[in-house]
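Just so you know, the working numbering puts the end of the sequence shown at 482, numbered straight through with nothing missing.
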Amino acid sequence: MAEHKDGAGSGTAWSGRFSEPVSELVKRYTASVSFDRRMGLQDIRGSLAHAAMLARQGIISAADLASIEHGLTRIRGEIERGEFAWNLDDEDVHLNIEKRLTALVGDAGKRLHTGRSRNDQVATDIRLWLRDTIDTIDGLLLNHMGALLDLAEKHAATAMPGFTHLQVAQPVTFGHHLLAYVEMARRDRERLADARRRVNRLPLGAAALAGTTYPIDREFVAQQLGFEGVCENSLDAVSDRDFAIEFVAAASLIMVHLSRLSEELILWMNPRFGFIDIADRFCTGSSIMPQKKNPDVPELARGKSGRVFGHLMGLLTLMKGQPLAYNKDNQEDKEPLFDTADTLVDTLRIFADMISAVTVKPEAMAAALKQGYATATDLADYLVKKGMPFRDAHEAVARAVRAAEARGCDLPDLDLAELRTFAPEIAEDVYAVLTVEGSLAARDHVGGTAPNQVRAAIAKVKKSMTGKG
Ligand code: ARG
């Protein structure tokens, strides 16, 4: 069959209607190929499924389908090998690939876009890309949890001061403390899985905005691409990016959690705490102070959370004033989305590695526990069990703490006679309660810090990880 000619003009996919080409500046301003080429493989996947549907419905011939498949397979190889010549003149990933396809297979390539628009095409590509990315991030979250769990297991009974208001509060185990971050990561996975359900719907078939006049089969395309269903409204399908916003919101919370952990790692590495050491390969030195070892990786993770939150605000703002349906504004969704994913992937990768290489210093944690009267609540609970109302017990122990403070010692350093001056109920058995080990072991319930509970919690999470999480 003879090749049909492009419209007049500079030879872009839409130039037929125009009497003058766009300026270089406008071309650069409006083009997205410099960043959306990242979705090249997803674009090909979507096109293969669309073409298969067109042939199945008798909209294009079997011969055209064979040519399209042949051409797209070749282009996929070129992209994978880094040989594909991306061209700014062809605006975006979609037109670049379509143009190359037509160069390779002629008219069949020009038939691929039948019943489709770049509006539903780009929405499909982003969803395919994001679905893969969510799966990658989920795997990295699992690794991060694995590293935390391994460390928690080793330190299920290692005592450290637990803080409130960053002041010594009560003894906890280091394992228990780490398990708090495991719980955060579990919820992060749930959020991603939930967002994924809404990502995983097919926009194709919506065409530009109103649907198409061809007898298409959207369910077939959805099935080919592994989507759970189709977007039910064509206008919504091409215009909303709420699924991307949800992902960046979930990513923001992951970064909040990693940022909090970073802050603690930095504090714990400070010699005033001295609870841990971070392996040299995650730190850098100072060009002026020879003694320095700076925890650059957790500091950067804490800092990078800001750019992800910024992307969330950017995407919300991008959507808010847009009338239905597709607007070019939406092209601005990709860079924040890609940067969010890149930041998250790198941060999670580095974290799993860094956590596995943390050196824990239980002696420093134990020493810190001796300052701050961490077992004062245990003494109050002891008095309550002897029959004293809690408020009175609180008062009696507060007086005991002041006495110990005046003497510069810890509560268990006060002798029995002195302790009894604050509450005559106190007997010899009080010393078992005032020890750190006694305090930890006493919090023996689900969610508590007793070492056997920490071990049980680790086993429970590990079991859930081999299943669905
Ligand atoms: N590059 C565009 C984007 O990212 C693709 C869709 C363009 N559609 C259009 N009608 N100009 O949104």
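From the three backbone atoms N, C-alpha and C, an ideal C-beta is built for every residue, glycine too.
Given the structure is predicted, the values throughout are model-derived calculations rather than measurements.
Assigned exposure category for residue i - 16 Cβ within 10 Å defines buried
i: L153; result: buried
i: V39; result: exposed
i: S477; result: exposed
i: A470; result: buried
i: H17; result: The pLDDT assigned to H17 is 46, lower than 50, so where the model puts this residue is not dependable; a value taken from the coordinates is nonetheless given after this. Exposed, by the Cβ-count rule.
i: F295; result: buried
i: G298; result: exposed
i: N465; result: exposed
i: P216; result: buried
i: A21; result: Any reading at A21 must be qualified, since the residue scores a pLDDT of 38, below 50, and its modelled position is unreliable; no value is offered.
i: E33; result: exposed
i: L420; result: The sequence as given places Arg at residue 420; Leu does not occur at that position. Exposed, by the Cβ-count rule.
i: L331; result: buried
i: C422; result: exposed
i: W281; result: buried
i: I301; result: exposed
Closest Cα partner of residue i within the set the options
i: L248; options: F256, V261, A220, A76; result: A220
i: E438; options: G451, V397, M378, F187; result: V397
i: L164; options: M367, A62, I110, R420; result: M367
i: P402; options: A436, P425, D423, P375; result: A436
i: R144; options: S265, R214, V449, Q384; result: R214
i: Q134; options: E111, T115, I147, A116; result: E111
i: A250; options: L280, N340, D457; result: N340
i: I72; options: P174, A223, H126, D255; result: H126
i: H407; options: A417, A370, A393; result: A393
i: V261; options: V321, L108, A169; result: V321
i: L67; options: V234, D120, L325, V185; result: V234
i: Y42; options: A75, D342, S60, R199; result: D342
i: G175; options: Q384, T479, D359; result: Q384
i: A206; options: D49, P349, K123, T149; result: T149
i: G122; options: E166, S74, P425, T479; result: S74
i: D293; options: D457, R129, K305, A365; result: K305
i: I81; options: A65, G53, G90; result: A65
Sub-9 Å separation of residue i and residue j beta-carbons
i: R204; j: A263; result: yes
i: H189; j: V414; result: no
i: L192; j: L162; result: yes
i: S369; j: A160; result: yes
i: V195; j: V373; result: no
i: I267; j: D352; result: no
i: I139; j: K347; result: yes
i: Q55; j: D391; result: no
i: L271; j: L361; result: yes
i: E259; j: A208; result: yes
i: V1; j: D105; result: Residue coverage of the chain in this structure runs from 14 to 482, which leaves residue 1 outside it and unanswerable.
i: R315; j: S275; result: yes
i: A172; j: V449; result: yes
ask   = In the segment 117–185, which residue ranges form an unbroken beta strand (DSSP E) of at least 3 residues, counting only runs that do not cross its ends?
value = As summarised for the segment 117–185, the continuous beta strand (DSSP E) elements at least 3 residues long and confined to that stretch are 172–177, given in chain order.
ask   = Can you list, in chain order, the stretches of the beta strand (DSSP E) that have 3 or more residues and sit fully within the segment 274–299?
value = Fully enclosed beta strand (DSSP E) runs of 3 or longer: 289–291.
key: Minimum length 4: unbroken alpha helix (DSSP H) runs contained in the segment 303–380   = 309–333, 347–369, all fully within the segment 303–380.
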